[in-house]
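What follows is one structure encoded as structure tokens, with my remarks underneath.
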Amino acid sequence: MNLFDRPKVGENAILVHIDLKSEGQREQLQEFKELAVSAGAVIKDVIEGSRDTPDSRYFIGSGKADEIAACAEDLQADLVLFNHTLSPSQERNLEARLKCRVLDRTGLILDIFAQRARSFEGKLQVELAQLRHLSTRLVRGWTHLERQKGGIGLRGPGETQLETDRRLIGDRIKQLKMRLKKYAEQRHLGSRARKRAELATVSLVGYTNAGKSSLFNNLTGAEVYAADQLFATLDPTLRKMDLVGAGQVVLADTVGFIRHLPHDLVEAFRSTLDETSEATVLLHVIDASDPEHAKYIEQVNQVLAQIGAEDIPQIQVYNKIDLLDTEARIDRNAEGLPYRVWLSAHTSEGIELLHQALAEYLMQGSVSGYLKVLPEQGDLRAALYRLGAVINERTGAEGENFLDVRLSKQDLARLTKQYSVKLVLQSTELLDTKDDHTMSASNA
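Letter 143 of the sequence shown, counting from 1, is numbered 142 in numbering that gives the first Met the number 0, and no numbers are missing.
This is how it looks when you write it as structure tokens:
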């Protein structure tokens, strides 16, 4: 018979946090508590300890394992959560010794993702990550069968069952990859369409709970779910936004990052994160009120490097200044370009500064001057106003309009193609002359 009956329900949890000397293996206890609460766990106790290196059998020492087992029995805990990545054998050994379910940090994050995924594609991505993770731990549920290698009527069923499960999981992983590939191709077509329309893509990135979705809602008027919890939203959302002085852009809200984001999740969500790797500029949202924000910036940049987005220009957005004694402002580099904006997505303080900084950044290399538009070209005039490109306007003696405009080279090229006209911007001096070459919107 099995070593113990694994409970299928129950959320009473004991958290285990071990302080390791290696900086690369250290985790944060407060963040772990927030992860557990986000998953729906009821924290009964937190057991801490310290080690130079993890134990190969239990990750913790046998004495600490006995302490946790006694605590789990006294508190009637349903599961023990480890704030670390456990190997399959460590997880299996701990379950046998503690007599209850054991879940490591990766498994906990996967569980949160499974709860939060809303779109069909998001659910497929989470399932793929879960199956990849499960495939390395398949033996856990079949230890009682695996031991049955001899005896009349008992030869081989355990190994046969394991092989069957591995094959079924492998087949399902192949199916999921094929379906996700189709979604990725559809998204690629959408990305190509935006590029043909010369629309810039601005992608929001940042550590989980930094306020990306709140900022996205503030900028676009969308109603993406936002809450003070880790991984409140998973599914990417795209919205068009009119940016005064820069025209229309596409804003993309993506999944939040976290310290030591499981590799399986990065792989599963790689297609979703393509919106980030193909963006024109990234808005790196940072919780300015968090004393650990410098470490989080480093973690986000590491994930960006994993998905090939490390070279995309960034504007850092220091959010939640309403929790600090700090005013909204724009920080500029030596060239005078904005590289950091301080604001509050909650109170909207500084939002207009982000609009300004983003427009300035996207309008690098833009063109400006006067444009003469004939009365019959009203649709062109309306398009310029929709782009927010018109700074000033005056009407000539014959009903023509002289527009003082500033727009990107991409928008200029798009208008030229869309309205089949040759657009030539004139300087103020040319506008004031009466020569025929002041005509600036003529049939191509």
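All residues carry an ideal CB built from backbone N, CA and C; glycine is no exception.
Cβ neighbours of residue i in the same chain (closer than 7 Å, five flanking residues each side left out)
i    : result
E10  : G39, A40, V41, D77
N217 : A344, S347, I350
G395 : F401
Any C-beta of chain C under 8 Å from that of residue i
i   : result
D77 : In the structure shown, chain C cannot be found, because there is only a single protein chain.
CB contact flag (residue i, residue j, <8 Å)
i    : j    : result
G335 : G255 : no
L80  : A35  : yes
T105 : T135 : no
A199 : V248 : yes
S365 : S407 : yes
R96  : A68  : yes
V389 : V280 : no
L74  : D44  : yes
D252 : L203 : yes
N391 : D403 : yes
T219 : L250 : yes
Whole-angstrom distance between residue j and residue i, CA atom to CA atom
i    : j    : result
Q305 : L237 : 22 Å
E47  : I17  : 6 Å
K319 : L361 : 25 Å
K371 : V299 : 47 Å
V15  : A71  : 11 Å
Q315 : P374 : 44 Å
I329 : G349 : 9 Å
K211 : L282 : 9 Å
R380 : E397 : 16 Å
N332 : Q89  : 50 Å
E66  : T275 : 45 Å
L386 : A12  : 54 Å
K32  : D378 : 57 Å
F3   : D54  : Any answer about F3 is weak, because its pLDDT of 43 lies below 50 and its placement is not dependable; what the coordinates show is given next. Roughly 23 Å separates the two Cα atoms.
R91  : G169 : 22 Å
D321 : Q313 : 23 Å
D289 : V302 : 20 Å
L102 : Q114 : 16 Å
A64  : Y57  : 8 Å
S49  : L107 : 22 Å
E399 : R413 : 22 Å
R61  : K98  : Just to set this straight, residue 61 is Ser in the shown sequence, not Arg. If you take the alpha carbons of S61 and K98, they lie about 14 Å apart.
E184 : I59  : 45 Å
Where residue i sits in the DSSP three-state scheme
i    : result
E297 : helix
A249 : What sits at residue 249 in the sequence shown is Val, not Ala. Residue state, collapsed to three classes: strand.
D65  : helix
T207 : coil
P312 : coil
K98  : coil
V125 : helix
Y317 : strand
K176 : helix
T236 : strand
D18  : strand
D77  : coil
E47  : strand
D289 : coil
I168 : helix
A12  : strand
R393 : strand
Y57  : coil
Proximal residues to residue i (C-beta, below 6 Å), its chain only, five neighbours per side dropped
i    : result
S367 : R405
E120 : Y182
I257 : T207
D51  : K20
N82  : H16, E26, F31, R104
D241 : Q247
Close-in-space but distant-in-sequence residues of the same chain around residue i (CB under 8 Å, 5 per side omitted)
i    : result
I285 : G205, Y206, A209, H292, Y295, I296, Q315, V316, Y317, N318
A278 : T200, V201, S202, A251, A308, I311
Using 8 Å as the threshold, is the region 335-352 in touch with the region 310-327, meaning 3 or more CB pairs across them?
yes
Pairs of beta-carbons, one from the region 298-312 and one from the region 344-359, closer than 8 Å: are there three or more?
no
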